[in-house]
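Heads up: the structure comes next, in structure tokens.
Structure below.
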């Protein structure tokens, strides 16, 4: 696991609240547990807010003790539930949320979610002054400033399970399968899944794609017998009809490709060991960052170390895809 | 496992061929291995035909020894490959196939596949007199005369893995998911998956469905809080736009359902223990049935016993769905 | 799944209790859920007794409603907890237990467990007259009168997962592994696991074993190169030092075998689809048997049908191992 | 994944050999594939040496082309097979090995294995001048200079699968399980597994352990009801009878603990996505390091970047365990 920071407490916190927001990701429960147990062990009371910012606006909070988070480290989803909350885009609502926290003497807020949720956290902190720490919880691994996010590793393994199965059929029937994996606008998940699956081709939104050329190339190697079957991993963030378009072109070349859209199975499931350790550590350390006086940051991973990333940066910058990784992906299929 | 028959050899066979046909199913490799090892141990030579009836027509056969089937019992797909073969619907082609077998002094044919493939086997036997034994290999479990088919158990587990994951997201976001599972015209797989997944509703082609009523029912229990999230398992064999139709109706009721089509992931993967034992036994016993003088039969399972089923019956009758099973499914969600 | 009985209600039951006893088995939760939901849907109140007969003697019972058994169909273990209870061997204690049930107006008892637990249920019924229905819950599948038990299928798959992994190392290092699987005095689990794993040898307590001969045979095929690596599945019920004895003999022949004792990992985990459907059906049907006037029976599976088995029979007879199955196991490794 | 180096070719290599040595680890096949495909794409011929250094001494090498490594990225073990080879400790044998490589005009050697294997590689390079690159392949993650090793992530997940199952039984029976995980002298694997499993206690060889104190502590929380069941993860590298000793002490306190030794199931299995990507990248990059003129190094991971580590360092230094990680482990169970 990553190198952990050694932080010194400089601020006093008596009570904090934690919520999960946006799409659920495996490991969110482990992160909540990390926050709760770390806080309790340092004398801090913890409230769990249900249904993300929605629950915050509805004052739907429950006190959490050590037993509240027993036996959840291995569960997918989030027991605090999650939701998208357009109302939180409204500044008045954010101010109202701050009032509700103050009424309960809650000193700080920890938000586990993707970049939309963390952007909301940044605005909330800026406007209300309530200290906020964010944790990157998303299977897409598309958050600027961190090399890893809670849920990415599990989602990669889940997609691989599915593709390993699909390959059995692809090989048995000597067919091509176009497999669409999640990742929103990012090809990060698709690239990793593609390399790990030994995919014949990986198509990501970061690079221009020539459908005709791809189809010709696949059809040629199919006829040559060097690629009679194959897996083409397609990131969902590509232009809308990319997958269908390639399938159509392949059909015109006499092939009979299948399309498989993995969809929501990638979001759930028992978190992998990696995600459980990552989430436990980030959750525990988030409390230490709070006590050390930090705010308006996300706890992320950079150069193999757990670090603080200004929430502001997440909004300004977009995470890129390592071109060396794509080069290797290409090389492994020559 | 099922009770195995005790058969006495009455016929002499010096050489047989085996093929897999139609959609691949987990356990087909174990079945081939069962055939090969059982035949060899009884002094019979074995040829493997590649790509089903296509390979037979193309004379694409390879001699198989014990080592040919080492280390495959645990692999999904079929190492002999499979294909659909419209040419085999032509009687002339079937006669030509018989000639090719006779040229190699092959006395008998074992076909592993679904009911389409086994219908072809029946016609082949009827027209050419070459003894044929069929094995039920399909994830759909929709073959008349047998309670079980090779691949069904694995597909049920694979679909369940996916739905258990989806439930994490459904619960976390309090949403409904419409999950479409395979099964062609049969609701057998859907019913089992639905019971095992604890699905809130199971929709199968065997029973009439009122979309509006279903949507109203789900929306009502959503509002009542007793079913704020839920999994609705839909068999693919229902009328074409059933899934989309329900989703639309639910949206009109203010819900935000998701659709997940499991697709081809259900067809591959390491076979379950159940399928490996079933396939090994059926493969081994198929040779015994041949030696005992049987032909034009499928080796299936009835009343918990391995039995012979006339191939003719498969064509004439359609397997029904046990109404008691659906009754239980319903009862478990009251 | 198995053919379900069609039973007619002849007896009135207003309240029943359910408990799990003995070693836990995957699917016990699904069985409890089946009992609870089936009973509730027929207007019967249900109590859950915690920790098996121990809890019964301690009057540790909780009312169960439909929500009590939500979201447990996919969980291993038993949420009612289980225990072994020597006190229940004492007739006075059994009479006291009956009193406690009567004080709560509980009319009947459903016991989920292995043959020890079901023997206790029989004595309890005989002495107190309180109607009792047993369900076979054990990974060993060693109960007389039923072809299947709740948990067996999952345990087979779990053992296979482990052995598939071990085979990677066995092949890579060209070594033999002696893998001990559970099953108490029965070789049922070992035989199925062995066939499904493609084991080179399966050793079960039902048949005499000559250690020296086995070691010589394995060493010979190792030297011949036809069996440079291999998995030998050993049932735990064999004589105490069988596994170690074979390992020692193999070492004397110059081999370097490893021993792997799978142990308790075989008892837990998400139940397989098969076990969930089986447990759900048996649980639901147990209530129907009660209402139809049955008592002192186990609901089991015979000839592919769900049937009633007198509890008395379980005590008198021992389940045997199908010799045809072992014959096939042998044949598949020639 | 980790940041990859950008290397420039300065040396010409026409042919290289690759071997796997020591205990097998999931991902070794992906690493071989990475080496082979990367080399071929850069015009380098590749030989695969079978059975590690043993095969090298026996001149057991096979030419590998792109198809040789098709469809192996997802397989556990190593298709080149592995072995331990005491003969390679002898300098004369190492010189003889160099002669064999020169006779085939093989310019360089890539070794995938643990620190013993890489120490041998270092001596071989020092004495013979043949360029050598090492890749860290071991589930123990105990190699100095690298934060990650091929196989560690998969082994962690495999151990977790087992412990998640064991927890079902531990909870159902309210018992303690002492689970021994691999890791040789290092507590690295045990610590990660323990955190991810939510273990009640983690015992590693890096820190002194007071058996009596531990037993008293566990017994106390058992009696208090706050820890009626529990998982204690024990690293195998602890003093020989630690696990048995704790079990005995717990028995004296009236508890009934079980012992589970996970053993070799942790070494095999389909590699995780993380290990497949890591192995693919390290394999591909190893060729680039060779071409860039490097030798006598291991390609490892430091601060989240793929880097070169002098093989000499591996022999001199021992990898430590991050005390912050253990602190978190402790905190999460308060």
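Residue numbers (our numbering), protein chains in the order written: chain A, 133 to 466; chain B, 133 to 466; chain C, 133 to 466; chain D, 133 to 466.
All C-beta atoms, glycine included, are put in the ideal place defined by N, C-alpha and C.
If you're wondering where the values come from, they're calculated on a predicted model, not measured in any experiment.
Query	Result
Have a look at residue 136 of chain A and residue 426 of chain A and give me their C-alpha separation to the nearest angstrom.	16 Å
Using the Cβ count rule (16 or more neighbours within 10 Å means buried), how would you classify residue 189 of chain C?	buried
Applying the 10 Å Cβ sphere with the 16-neighbour rule, what's the burial state of residue 300 of chain C?	buried
How would you call residue 138 of chain B, buried or exposed, if buried means at least 16 neighbouring beta carbons within 10 angstroms?	exposed
Who pairs with residue 147 of chain D in a beta bridge, going by DSSP?	D:177
On a CA-only basis, which of A:359, A:381 and A:461 is nearest residue 346 of chain A? Give me that one, please.	A:381
Report the CB separation of residue 331 of chain C from residue 363 of chain C in whole angstroms; it is logged as a contact under 8 Å.	5 Å
Hey, how far is the Cα of residue 170 of chain C from the Cα of residue 276 of chain C?	26 Å
Mind checking who residue 309 of chain A pairs with in its DSSP beta bridge?	A:363 and A:390
Just curious, the beta strand (DSSP E) that residue 268 of chain D is in, first and last residue?	264-268
Provide the residue(s) that pair with residue 135 of chain D in DSSP beta bridges, ordered along the chain.	D:437
Name, please, each residue of chain C whose Cβ falls closer than 7 Å to the Cβ of residue 324 of chain B.	133, 405 and 409
So, is the C-beta of residue 464 of chain A closer than 7 Å to a C-beta in chain D?	yes
Once the 5 residues before and after residue 215 of chain A are set aside, which same chain residues still bring their CB inside 7 Å of it?	183, 184 and 186
Can you check which of these residues, B:422, B:206 and B:443, is closest to residue 148 of chain B by C-alpha distance?	B:422
Quick check on residue 260 of chain C: buried or exposed, where buried means 16 or more other Cβ atoms within 10 Å of its Cβ?	buried
Taking residue 454 of chain B as the reference, give the member of B:274, B:142 and B:393 with the closest Cα.	B:274
Looking only at its chain, what residues have a beta carbon closer than 7 Å to the beta carbon of residue 458 of chain C, apart from the 5 residues adjacent to it on each side?	323
Can you list, in chain order, the residues of its chain with a C-beta nearer than 6 Å to that of residue 251 of chain C? Leave out the 5 residues immediately preceding and following it.	447
Could you tell me whether the Cβ of residue 333 of chain C comes closer than 7 Å to any Cβ of chain B?	no
Buried or exposed: residue 194 of chain A, going by 16 or more other Cβ atoms within 10 Å of its Cβ?	exposed
Mind checking which residues open and close the alpha helix (DSSP H) that includes residue 271 of chain A?	First-last for residue 271 of chain A: undefined, no H or E at that position.
Do you know whose CA, among C:412, C:450, C:284 and C:438, lies nearest residue 206 of chain C's CA?	C:412
If contacts are defined as beta-carbon pairs under 8 Å, then residue 443 of chain C and residue 166 of chain C qualify, I think. What distance do you get, rounded to the angstrom?	Contact flag wrong, Cβ pair sits at about 20 Å.
Comparing the C-beta of residue 209 of chain B with each C-beta of chain A, is any distance below 7 Å?	yes
Is residue 431 of chain A near the ligand ZN, judged by its Cβ being under 6 Å from some heavy atom?	Annotation note on the ligand ZN: not contained in the displayed structure, which lists no ligands.
Sorted by chain position, which residues of the same chain lie with C-beta nearer than 7 Å to residue 75 of chain B's C-beta, five sequence neighbours on each side aside?	Since the first residue shown for chain B is 133 and the last is 466, residue 75 of chain B is missing from the structure and cannot be characterised.
How many angstroms separate the CA atom of residue 303 of chain D from the CA atom of residue 242 of chain D?	47 Å
Could you list which residues in chain C have their beta carbon closer than 7 Å to that of residue 306 of chain D, in chain order?	213
Hey, which unbroken runs of the alpha helix (DSSP H) at 4 residues or more fall wholly within the region 203-284 of chain D?	223-235 and 247-260
Where do the N-terminal and C-terminal ends of the beta strand (DSSP E) with residue 334 of chain B fall, by residue?	333-335
Given a cut-off of 7 Å on the beta-carbon distance, is the pair residue 161 of chain D and residue 211 of chain D in contact?	yes
Relative to the C-alpha of residue 431 of chain A, which residue among A:146, A:219 and A:244 is closest?	A:244
Whose C-beta lies closer than 6 Å to the C-beta of residue 279 of chain C among residues of the same chain, with five residues either side of it excluded?	433
Given this structure, state the Cα-to-Cα distance separating residue 218 of chain D from residue 377 of chain C, to the nearest angstrom.	27 Å
Could you check whether the Cβ of residue 440 of chain B sits closer than 7 Å to any Cβ belonging to chain A?	no
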